[in-house]
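Right, one structure below, let's go through it.
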Amino acid sequence: MTQENPFLRFSRVPEPELMEEKEQVEAYAKANFEETHDSIVRSLLNHLPPRFIPASVLDLGAGPGDMTGRLLNQFPNSHLTALDGSLSMIAHNKSYVSKLLPNASVEWLSTKLQEFIPVSSYELIFSNSLLHHLSDPFDFWSAIQRSSDENSFLFICDLLRPTSFQLAKNLVDVYAMGENEILRNDFYNSLLASYTLDEVEAMLRTLRLDHKLKLDQITDRHWICYSRQLN
Ligand SMILES: C[S@@+](CC[C@H](N)C(=O)[O-])C[C@H]1O[C@@H](n2cnc3c(N)ncnc32)[C@H](O)[C@@H]1O
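Sequential numbering of the sequence shown, starting at 1, is according to full-length UniProt numbering.
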């Protein structure tokens with residue numbers, strides 16, 4: 001039997017792009033992301049330029065709605081576009097957010113980001129836990145570039161690939177304790193599909209975005225990438 005070398009990080013194991021299965025959407029929507037999502041939003045607020053109130057927000061890969069609702073709570077007067085390529089996810093997002101915030105200004109798009117042609121750029125572009133789903137990561141960065149201009153603020157958060165399969169299992173046990181098997185399985189697959197900081201850094205360098213965006217690891221399983229503030 002081959003032993004896993006904890007110092008040799010395994011190669012990325014891609015997972016399907018869209019989350020379309022009904023059970024998968026329900027498991028994700030019901031999961032307890034309170035602490036994680038709260039800390040991601042706090043991190044976004046900590047990195048925004050002072051007094052930055054976006055008139056337009058794009059939530060890329062919006063999912064079932066918890067994150068969309070949190071963004072709208074922070075920016076109640078903004079117009080938000082929630083985009084997800086999965087019909088069932090965007091339907092869940094619409095029903096959840098309309099009940100939570102009936103007066104919010106939201107447009108729901110069931111569109112793959114590869115096919116998304118924005119009418120104009122967004123002042124805030126937010127994405128959580130999407131990049132690792134994509135077969136070609138440059139589809140993600142192209143959509144970001146198409147949706148932004150020099151005044152847009154970008155904030156991206158995603159999972160970090162652990163150094164071993166065992167560490168991925170440990171993370172599932174620690175952070176998805178008590179969740180159902182579908183969610184635990186999706187979380188494990190997402191950890192294996194996610195990128196290392198070196199890989200994300202290489203993407204930024206290739207696209208010459210490294211002088212515009214900063215990359216930080218924020219937890220044992222997350223990184224953030226956000227617009228550098230111009231002085
Ligand atoms: C892990 S979920 C994250 C959802 C949400 N951002 C959150 O933080 O709760 C990733 C979402 O990205 C969507 N997605 C994956 N690939 C996509 C693509 N190519 N275009 C648009 N959405 C995509 C999936 O359908 C899924 O809803």
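For every residue, glycine included, the Cβ atom is placed at its ideal position computed from N, Cα and C. Note that the structure is a prediction, hence the values are computed from the model and not measured.
Buried versus exposed, by CB contacts within 10 Å (16 or more), residue i
| i | result |
| --- | --- |
| Asn128 | buried |
| Gly178 | exposed |
| Val174 | exposed |
| residue 289 | Since the first residue of the chain shown is 1 and the last is 231, residue 289 is not available in this structure. |
| His211 | exposed |
| Asp186 | buried |
| Thr68 | buried |
| Arg70 | buried |
| Phe33 | buried |
| Asp158 | buried |
| Arg221 | buried |
| Pro162 | buried |
| Asp59 | buried |
| Met1 | Interpretation of Met1 is limited by its pLDDT of 45, a score under 50 that renders its predicted location unreliable; no figure is taken from the coordinates. |
| Ile117 | exposed |
| Arg51 | exposed |
| Arg208 | exposed |
| Phe126 | buried |
Identity of the residue in the options nearest residue i by Cα
| i | options | result |
| --- | --- | --- |
| Tyr226 | Asp186, Leu124, Leu160 and Trp108 | Leu124 |
| Thr81 | Glu34, Ser152, Tyr122 and Thr36 | Tyr122 |
| Ser120 | Arg9, Phe155, Ser147 and Asn180 | Ser147 |
| Ile53 | Gln74, Leu171 and Gly63 | Gln74 |
| Leu154 | Lys214, Leu171, Arg205 and Met19 | Lys214 |
| Ile156 | Ile224, Ser98 and Lys169 | Ile224 |
| Ala193 | Pro118, Lys99 and Ser135 | Ser135 |
| Trp141 | Gly61, Val172, Ala104 and Asn77 | Gly61 |
| Ser11 | Arg221, Met203 and Ser164 | Ser164 |
| Leu204 | Pro14, Gln145, Pro118 and Leu58 | Gln145 |
| Val106 | Gln229, Pro137 and Ser95 | Ser95 |
| Glu181 | Asp216, Asn151, Phe126 and Ala31 | Ala31 |
| Gln229 | Glu201, Glu150, Glu35 and Ser56 | Glu150 |
| Val57 | Ala104, Met19, Ala29 and His132 | Ala104 |
| Leu113 | Pro137, Ser98 and Glu15 | Pro137 |
Residues bridged to residue i [DSSP beta-bridge criterion]
| i | result |
| --- | --- |
| Pro223 | As written in the sequence, residue 223 is Trp, which differs from the Pro given in the question. According to DSSP, Trp223 bridges with Asp158 and Gln217. |
| Asp59 | Ala82 and Phe126 |
| Val106 | Leu80 |
| Gln195 | Looking at the sequence provided, one finds Tyr at residue 195 rather than Gln. Tyr195 pairs with Leu160. |
| Phe153 | Leu124 |
CB contact below 8 Å: residue i versus chain D
| i | result |
| --- | --- |
| Gln74 | The structure shown contains no chain D, having only a single protein chain. |
How about the stretch 74 to 88 and the stretch 19 to 30: do they share at least three Cβ pairs that are nearer than 8 Å?
With contact defined as three or more Cβ pairs closer than 8 Å, the stretch 74 to 88 and the stretch 19 to 30 are in contact.
Given 8 Å as the limit, is there contact between the stretch 192 to 208 and the stretch 33 to 45, that is, 3 or more CB pairs closer than that?
By the criterion of at least three beta-carbon pairs nearer than 8 Å, the stretch 192 to 208 is not in contact with the stretch 33 to 45.
If contact is defined by three or more beta carbon pairs under 8 Å, each pair taking one atom from either stretch, is the stretch 26 to 41 in contact with the stretch 54 to 67?
Touching, per the Cβ criterion.
Kindly provide the chain-ordered list of residues whose Cβ lies closer than 5 Å to any non-hydrogen atom of ligand 1.
Result: Glu17, Leu18, Met19, Gly61, Gly63, Met67, Asp84, Gly85, Ser86, Met89, Lys112, Leu113, Asn128, Ser129, Leu130 and His133.
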